[in-house]
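1 is the number of the first residue of the sequence shown in UniProt numbering; add one for each residue after it.
Quick reminder that beta carbons are idealized off the backbone N, C-alpha and C, glycines included.
Below is one structure, written out as structure tokens; the observations come after it.
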Amino acid sequence: MVEETLDEKFQRLSKTLGVKATRPRMSIQTKLDLYGLWHQATGGSVKTPKPSRVNVVASAKWNARKKYEKLSKDEAKRKFVELAEKVVPPSNL
1 MVEETLDEKF QRLSKTLGVK ATRPRMSIQT KLDLYGLWHQ ATGGSVKTPK
51 PSRVNVVASA KWNARKKYEK LSKDEAKRKF VELAEKVVPP SNL
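So, in structure tokens, the structure goes:
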């Protein structure tokens, strides 16, 4: 069997986590970490101004992206894959 590349693992796990029926239960912090890593891996650093703290959801998402902005796209993919493999049940991998 051929080993999956980082990009293939990233794409597969992104799809798995994007399907509500196969998405595992996870903490809000884990969801935010996956969100921040995914955005860093696919789009790079956050470029929008920080939203008001009054908008809790937007602020949390912005902070999650900011947390990982120093990672390269490949580093972010690697960390995303590592975290996703910890939370996705083996039956869904």
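Check: Measuring alpha carbon to alpha carbon, tell me which of Ser27, Lys79, Pro51 and Lys86 ends up nearest Asp7.; Outcome: Lys79
Check: Can you say whether Val2 is buried or exposed, counting buried as having 16 or more other CB atoms within 10 angstroms of its CB?; Outcome: exposed
Check: Rounded to the nearest angstrom, how far is the Cβ of Val46 from that of Glu69, given a contact under 8 Å?; Outcome: 6 Å
Check: Out of Leu13, Pro89, Glu85 and Lys66, which one is the CA nearest neighbour of Pro49?; Outcome: Lys66
Check: Touching or not, the region 51-67 and the region 25-36, by the rule of three or more beta carbon pairs under 8 Å?; Outcome: yes
Check: Work out the CA separation of Leu13 and Ala84 for me, nearest whole Å.; Outcome: 7 Å
Check: Could you tell me the boundaries of the alpha helix (DSSP H) in which Gly36 lies?; Outcome: Ile28 to Gly43
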